[in-house]
Amino acid sequence: MNGPVLEAIGLTKRFGALVVAQQISLTLAPGARRALIGPNGAGKTTFVAMLSGALRPDGGTVRLAGEDVTGMAPHRRARRGLARTFQVNSQFGPLTVLENVFLAVSEHAGFGGRMLRPAASHRALIEQAEALIAKLDLGAERHLPVSAISYGKQRVVEIALALAARPKVLLLDEPAAGIPSAEAARVFDVLEKLPVEMAILMIEHDMAIVRRFAAEVTVLVGGVVLMSGTPSEVLSSPDVRRVYLGRAEPQAGQGAVHAGA
792 MNGPVLEAIG LTKRFGALVV AQQISLTLAP GARRALIGPN GAGKTTFVAM
842 LSGALRPDGG TVRLAGEDVT GMAPHRRARR GLARTFQVNS QFGPLTVLEN
892 VFLAVSEHAG FGGRMLRPAA SHRALIEQAE ALIAKLDLGA ERHLPVSAIS
942 YGKQRVVEIA LALAARPKVL LLDEPAAGIP SAEAARVFDV LEKLPVEMAI
992 LMIEHDMAIV RRFAAEVTVL VGGVVLMSGT PSEVLSSPDV RRVYLGRAEP
1042 QAGQGAVHAG A
């Protein structure tokens, strides 16, 4: 497509007197690989929640593939190509990896409310689920309960559930959080295999991961954009370094900074 696949224009969110996001603007082109970083309480998860529809902004606009989706529910955004993962795993733990992915594929295909039919009657859906599992190197675990596999592999299953919707945009909330470094490397091996045309926005704290994953980095501080640029530009910035040492606050007017694609 021509133009951005996702646009946030002046997003603002308040909880009472507390402003947690102020005039945040950001665009993602098809195939973008952007990291969203900032200290705890910077507003990163709130911003992603507004993009996904989990939170409605008090001001601003969200556009998906040119369509205004600001007032649209999360499931409707998902059907239009916006998928999100979470820091806390949301799979049905007692179900197997294959059963989880099959249910996600079925929901996207419109069979979510008609699953009383024997699963074997949905052979095409099972094949789609198997293909997705194989693509993400989960074949050895496909018949194991999700609760029985490692935490790192659970995060890969969570990515598989998001990919079942065949999204144009994938929002990732700290995909490597709480995972040993060896398993974190596996998660990012999986991410590097995703379709090149899919735009990905990832919240991340680990700067080594940011350098490996991102072509662009946006820094939030106090609910506003501090700066945006390449990983080398952002991570070498004295302002960003001061923020991560806890000694900087955004200067007046920085809420108007635009994080372009």
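Under our numbering, the letters of the sequence shown match residues 792 to 1052, in that order.
The C-beta atom is built at its ideal place from N, Cα and C for all residues, glycine as well.
Since we're looking at a predicted model, the values are computed, not measured.
Cβ-based burial, residue i [other Cβ within 10 Å; buried from 16]
i, result
"residue 988", "exposed"
"residue 964", "buried"
"residue 809", "exposed"
"residue 959", "buried"
"residue 995", "buried"
"residue 984", "exposed"
"residue 925", "exposed"
"residue 899", "buried"
"residue 843", "buried"
"residue 930", "exposed"
"residue 1029", "exposed"
"residue 1014", "buried"
"residue 913", "buried"
"residue 864", "exposed"
"residue 1021", "exposed"
"residue 812", "buried"
Beta-carbon proximity check, residue i vs residue j, cutoff 8 Å
i, j, result
"residue 853", "residue 799", "yes"
"residue 883", "residue 916", "no"
"residue 991", "residue 961", "yes"
"residue 1009", "residue 875", "no"
"residue 815", "residue 797", "no"
"residue 927", "residue 947", "yes"
"residue 936", "residue 986", "no"
"residue 851", "residue 794", "no"
"residue 837", "residue 846", "yes"
"residue 861", "residue 933", "no"
"residue 970", "residue 981", "no"
"residue 848", "residue 841", "yes"
"residue 1011", "residue 823", "no"
"residue 993", "residue 1004", "yes"
"residue 1025", "residue 1031", "yes"
"residue 855", "residue 868", "yes"
"residue 997", "residue 967", "yes"
"residue 952", "residue 891", "yes"
Per-residue DSSP class, three states only, for residue i
i, result
"residue 876", "coil"
"residue 806", "strand"
"residue 850", "strand"
"residue 997", "coil"
"residue 936", "strand"
"residue 858", "strand"
"residue 1034", "helix"
"residue 968", "coil"
Cross-strand partners of residue i (DSSP beta bridge)
i, result
"residue 990", "960"
"residue 1018", "1010"
"residue 824", "991"
"residue 819", "797"
"residue 812", "804"
"residue 837", "Looking at the DSSP assignment, residue 837 forms no beta bridge with any residue, so it has no partner."
heavy atom of the ligand SAH below 7 Å from residue i C-beta
i, result
"residue 945", "Here there are no bound small molecules, and the ligand SAH is not part of this structure."
Chain B contact for residue i (CB, 8 Å cutoff)
i, result
"residue 924", "Of the protein chains in this structure there is only one, and it is not chain B."
Below 8 Å, can you find three or more Cβ-Cβ pairs linking the stretch 931 to 950 to the stretch 969 to 979?
yes
Can you confirm whether the stretch 913 to 932 touches the stretch 864 to 874 when touching is taken to mean that 3 or more C-beta pairs between the two stretches lie within less than 8 Å?
no
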